[in-house]
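Peer 1: Protein sequences appear in the order of chains F and Y. Using the numbering used here, you'd call the opening residue of the first sequence number 1 and step up by one each time. Using the numbering used here, you'd call the opening residue of the second sequence number 247 and step up by one each time. Glycine included, every Cβ here is placed at the ideal spot set by N, Cα and C. Handing you a structure now.
Protein chains: 2
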Amino acid sequence: MNLIILTETDFRGGNQYHLSDFRAEHIRSILKLGVDDTIEVGLLNGGKGIGRIINIDENRIIIQCDQFAAVEKITPTIDLICALPRPQILRKVLISSAMMGVRRLYLVRANRVEKSYFHSPLLERSRYQPYLTDGMMQGKLTRMPEVTVHDRFKVFFEDFLPGVIDNETLKIIPEPDTGRSLYHTFDKGAEHIVIAVGPEGGWVPFEIELMERLGFVRFTLGRWILRVEHAVTAVLAQLELLRGKQ
Amino acid sequence: MNLIILTETDFRGGNQYHLSDFRAEHIRSILKLGVDDTIEVGLLNGGKGIGRIINIDENRIIIQCDQFAAVEKITPTIDLICALPRPQILRKVLISSAMMGVRRLYLVRANRVEKSYFHSPLLERSRYQPYLTDGMMQGKLTRMPEVTVHDRFKVFFEDFLPGVIDNETLKIIPEPDTGRSLYHTFDKGAEHIVIAVGPEGGWVPFEIELMERLGFVRFTLGRWILRVEHAVTAVLAQLELLRGKQ
Numbered sequence: 001m002n003l004i005i006l007t008e009t010d011f012r013g014g015n016q017y018h019l020s021d022f023r024a025e026h027i028r029s030i031l032k033l034g035v036d037d038t039i040e041v042g043l044l045n046g047g048k049g050i051g052r053i054i055n056i057d058e059n060r061i062i063i064q065c066d067q068f069a070a071v072e073k074i075t076p077t078i079d080l081i082c083a084l085p086r087p088q089i090l091r092k093v094l095i096s097s098a099m100m101g102v103r104r105l106y107l108v109r110a111n112r113v114e115k116s117y118f119h120s121p122l123l124e125r126s127r128y129q130p131y132l133t134d135g136m137m138q139g140k141l142t143r144m145p146e147v148t149v150h151d152r153f154k155v156f157f158e159d160f161l162p163g164v165i166d167n168e169t170l171k172i173i174p175e176p177d178t179g180r181s182l183y184h185t186f187d188k189g190a191e192h193i194v195i196a197v198g199p200e201g202g203w204v205p206f207e208i209e210l211m212e213r214l215g216f217v218r219f220t221l222g223r224w225i226l227r228v229e230h231a232v233t234a235v236l237a238q239l240e241l242l243r244g245k246q
Numbered sequence: 247m248n249l250i251i252l253t254e255t256d257f258r259g260g261n262q263y264h265l266s267d268f269r270a271e272h273i274r275s276i277l278k279l280g281v282d283d284t285i286e287v288g289l290l291n292g293g294k295g296i297g298r299i300i301n302i303d304e305n306r307i308i309i310q311c312d313q314f315a316a317v318e319k320i321t322p323t324i325d326l327i328c329a330l331p332r333p334q335i336l337r338k339v340l341i342s343s344a345m346m347g348v349r350r351l352y353l354v355r356a357n358r359v360e361k362s363y364f365h366s367p368l369l370e371r372s373r374y375q376p377y378l379t380d381g382m383m384q385g386k387l388t389r390m391p392e393v394t395v396h397d398r399f400k401v402f403f404e405d406f407l408p409g410v411i412d413n414e415t416l417k418i419i420p421e422p423d424t425g426r427s428l429y430h431t432f433d434k435g436a437e438h439i440v441i442a443v444g445p446e447g448g449w450v451p452f453e454i455e456l457m458e459r460l461g462f463v464r465f466t467l468g469r470w471i472l473r474v475e476h477a478v479t480a481v482l483a484q485l486e487l488l489r490g491k492q
């Protein structure tokens with residue numbers, strides 16, 4: 001936990017925030033901080049600041065933070081479309097997405113996605129949010145990705161997606177054996193990027209064709225084949241690197 | 247499992263290989279293949295080929311492969327030094343290393359590594375090898391990384407390492423807030439690369455200084471802070487991308 005995320009619920013007036021959950025436990029047992037120690041804090045979807053611990057007891061820690069920096073804008077914006085993976089993998093995708101600054105996470109149906117995954121309790125906000133928070137606190141980002149679930153492939157790509165992204169968005173599909181790396185695909189840079197990561201076993205040809213008709217381009221992450229959770233980390237890491245190119 | 251790795255022990259003459267372990271189970275239950283079906287195979291540390299299933303029963307699958315391609319050379323060579331993480335994370339590092347083509351994995355002592363980790367049973371060859379095999383079968387690589395354990399930091403860096411790498415080797419340390427990305431660090435390319443990934447909490451200043459004296463340079467993976475397992479995937483993905491630059 002490299003950053004403590006503070007929410008409205010924690011706020012008690014006087015620039016003070018009361019913590020009594022896993023964050024308090026972490027500050028007490030792992031960081032072993034005491035009164036007057038300082039710690040990096042960030043407002044949920046807001047700015048970061050330095051908090052000072054002004055009171056600490058068994059049940060509660062009070063942190064005071066008098067000033068927060070302006071919200072950092074993360075550019076390019078990155079939206080991640082992910083064929084809904086099984087819950088075990090979804091947890092990892094949620095953490096990585098939040099840790100590495102994804103703006104929106106679209107969990108979509110695909111031919112090789114098992115229908116039963118859409119009934120997973122993990123798709124409830126209260127269940128998946130802790131994984132996002134975990135990722136944000138690790139990555140030191142304050143913005144929580146927006147997560148939405150879409151159980152119809154065609155409807156999502158043909159009707160929904162065109163309404164929420166602009167025409168200039170770079171739309172990319174990591175696919176093994178495509179030949180072209182992101183180094184060339186991303187040549188002109190982009191303000192907005194949408195990545196479509198397929199299920200284990202990959203997108204089926206029909207799905208690829210439909211996405212390509214909508215302007216998606218395929219590229220290769222590397223000479224190996226990665227699992228979904230590794231592909232997500234790898235593509236976000238490669239895009240981050242290419243910012244340095246501009 | 248995208249590639250079935252065959253070993254000498256499987257070989258029975260007449261270009262035939264007998265499988266009766268998790269690979270047979272995978273072919274039977276997940277891939278649901280039968281007699282005369284073909285499957286991609288690779289010799290451990292050797293070439294790849296197309297195998298044909300010539301017999302299948304409850305206990306055993308017999309695969310015949312008459313021809314293997316030449317061994318693929320992976321360039322640049324990548325050696326990974328990793329401050330020994332706790333077993334749960336080590337498993338992930340083993341899988342990613344094998345999946346993404348690491349040649350040698352050095353597990354080393356560092357100030358922020360708990361001594362007890364060096365007594366983990368996972369450091370026995372028979373215990374860690376399955377994770378390497380898992381990674382290779384996922385990544386479709388036949389070469390198994392060499393894993394060695396080094397419980398003295400200074401001895402490893404000052405005495406051991408200089409003896410096994412050449413002078414031209416690019417030596418890099420991913421460190422948050424260093425400013426310079428791999429895009430510029432890797433500017434001249436390299437045939438051999440050594441990466442030194444620190445423990446949770448990072449290398450301590452003494453360790454960084456010692457490595458820098460030996461020619462290591464620091465760089466930043468991105469604007470976030472990653473856990474060890476994500477840092478490994480991210481740096482390997484970024485290096486792979488930069489191959490396209492040459």
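At 9 Å on the CB atoms, spell out the chain Y contacts of G101/F, in chain order.
Peer 2: Walking along the first sequence from the start, residue 101/F turns up at place 101. Those within 9 Å of G101/F in chain Y are G468, R469 and W470.
Peer 1: How long is the line joining the alpha carbons of Y377/Y and H264/Y, rounded to whole angstroms?
Peer 2: Here the question's residue 377/Y lines up with position 131 in the second sequence. Here the question's residue 264/Y lines up with position 18 in the second sequence. Near 21 Å, if we compare the C-alpha coordinates of H264/Y and Y377/Y.
Peer 1: Quick one, are the C-beta atoms of I193/F and L161/F less than 9 Å apart?
Peer 2: Locating residue 193/F in the first sequence gives position 193, where the first residue counts as 1. Locating residue 161/F in the first sequence gives position 161, where the first residue counts as 1. Contact flag unset, no.
Peer 1: With a threshold of 6 Å on Cβ separation, who are the neighbours of H272/Y within its own chain once the five nearest residues in sequence on each side are excluded?
Peer 2: The sequence position of residue 272/Y within the second sequence is 26, counting from 1. Counting only Cβ-Cβ distances below 6 Å, and skipping sequence neighbours, we find M247.
Peer 1: Cβ atoms of T388/Y and L289/Y: under 9 Å apart, would you say?
Peer 2: To locate residue 289/Y, count along the second sequence from 1; it is residue 43. To locate residue 388/Y, count along the second sequence from 1; it is residue 142. Going by C-beta atoms, L289/Y is nearer than 9 Å to T388/Y.
Peer 1: Just checking my contact of S266/Y with R298/Y at CB under 8 Å: how many whole Å lie between their CB atoms?
Peer 2: Working through the second sequence from its first residue, we reach residue 266/Y at position 20. Working through the second sequence from its first residue, we reach residue 298/Y at position 52. Actually they are not in contact, since the Cβ atoms of S266/Y and R298/Y sit about 18 Å apart, beyond 8 Å.
Peer 1: If contact means a Cβ-Cβ distance below 7 Å, which residues of the segment 76-101 of chain F contact chain Y?
Peer 2: Here the close residues are S96, M99, M100 and G101.
Peer 1: Whose Cβ in chain Y lies nearer than 8 Å to the Cβ of G139/F?
Peer 2: Working through the first sequence from its first residue, we reach residue 139/F at position 139. Within chain Y, the residues near G139/F are W470, I471 and L472.
Peer 1: Can you tell me which residues form a DSSP beta bridge with L123/F?
Peer 2: Residue numbering aside, residue 123/F sits at position 123 when the first sequence is read from its first letter. According to DSSP, L123/F bridges with nothing at all.
Peer 1: Is it true that the CB of I327/Y sits closer than 9 Å to the CB of I471/Y?
Peer 2: Within the second sequence, residue 471/Y is the residue found at index 225, counting from 1. Within the second sequence, residue 327/Y is the residue found at index 81, counting from 1. No; because the gap between Cβ atoms is not below 9 Å, this pair is not in contact.
Peer 1: How many angstroms separate the CA atom of R125/F from the CA atom of F157/F?
Peer 2: As a working note, residue 125/F is residue 125 in the first sequence. As a working note, residue 157/F is residue 157 in the first sequence. Whole-angstrom Cα-Cα distance: 23 Å.
Peer 1: Could you check where the alpha helix (DSSP H) with A237/F kicks off and where it finishes?
Peer 2: Residue 237/F sits at position 237 when you count from the first residue of the first sequence. Taken as a continuous stretch (DSSP letters only), the alpha helix (DSSP H) holding A237/F covers V228 to R243.
Peer 1: For a quick check, are the C-beta atoms of T220/F and S96/F less than 9 Å apart?
Peer 2: Position 220 of the first sequence, counting from 1, holds the residue named residue 220/F. Position 96 of the first sequence, counting from 1, holds the residue named residue 96/F. Result no, Cβ atoms of T220/F and S96/F do not sit closer than 9 Å.
Peer 1: R459/Y lies in the alpha helix (DSSP H); which residues open and close that run?
Peer 2: On the second sequence, residue 459/Y is found 213 positions in, with the first residue counted as 1. It spans P451 to R459 - the alpha helix (DSSP H) in which R459/Y sits, taken as one unbroken run.
Peer 1: Residues of chain Y with CB under 8 Å from T327/F, in chain order?
Peer 2: No statement about residue 327/F is possible, as the shown extent of chain F runs from 1 to 246 and does not include it.
Peer 1: Quick one: what's R464/Y bridged to in DSSP?
Peer 2: Mapped onto the second sequence, residue 464/Y falls at position 218. R464/Y is bridged to I419/Y.
Peer 1: Under 7 Å Cβ-Cβ, which residues of chain Y neighbour N2/F?
Peer 2: As a working note, residue 2/F is residue 2 in the first sequence. The answer, in chain order, is I471.
Peer 1: Between L482/Y and chain F, is any beta-carbon pair separated by less than 9 Å?
Peer 2: Numbered from its first residue, the second sequence carries residue 482/Y at position 236. Closer than 9 Å: yes.
Peer 1: Once the 5 residues before and after V359/Y are set aside, which same chain residues still bring their CB inside 7 Å of it?
Peer 2: The residue you call residue 359/Y lines up with position 113 of the second sequence. Around V359/Y: A329, L330 and P445.
Peer 1: With distances taken between CB atoms, is the gap from I4/F to I56/F smaller than 9 Å?
Peer 2: Here residue 4/F is taken as the residue at index 4 of the first sequence, counted from 1. Here residue 56/F is taken as the residue at index 56 of the first sequence, counted from 1. Not closer than 9 Å, so no.
Peer 1: Write down every uninterrupted run of the beta strand (DSSP E) in the segment 51-112 of chain F whose length is 3 residues or greater and which is fully enclosed by it, in chain order.
Peer 2: Runs of the beta strand (DSSP E) inside the segment 51-112 of chain F: 61-64, 77-83 and 104-108.
Peer 1: Specify the secondary structure class of G259/Y as computed by DSSP and reduced to three states.
Peer 2: Position 13 of the second sequence, counted from the first residue, corresponds to residue 259/Y. G259/Y: coil per DSSP, three-state reduction.
Peer 1: Between V228/F and L94/F, what straight-line distance do the alpha-carbon atoms span, to the nearest angstrom?
Peer 2: What you label residue 228/F is simply residue 228 of the first sequence in a count that begins at 1. What you label residue 94/F is simply residue 94 of the first sequence in a count that begins at 1. So the two alpha carbons sit approximately 12 Å from each other.
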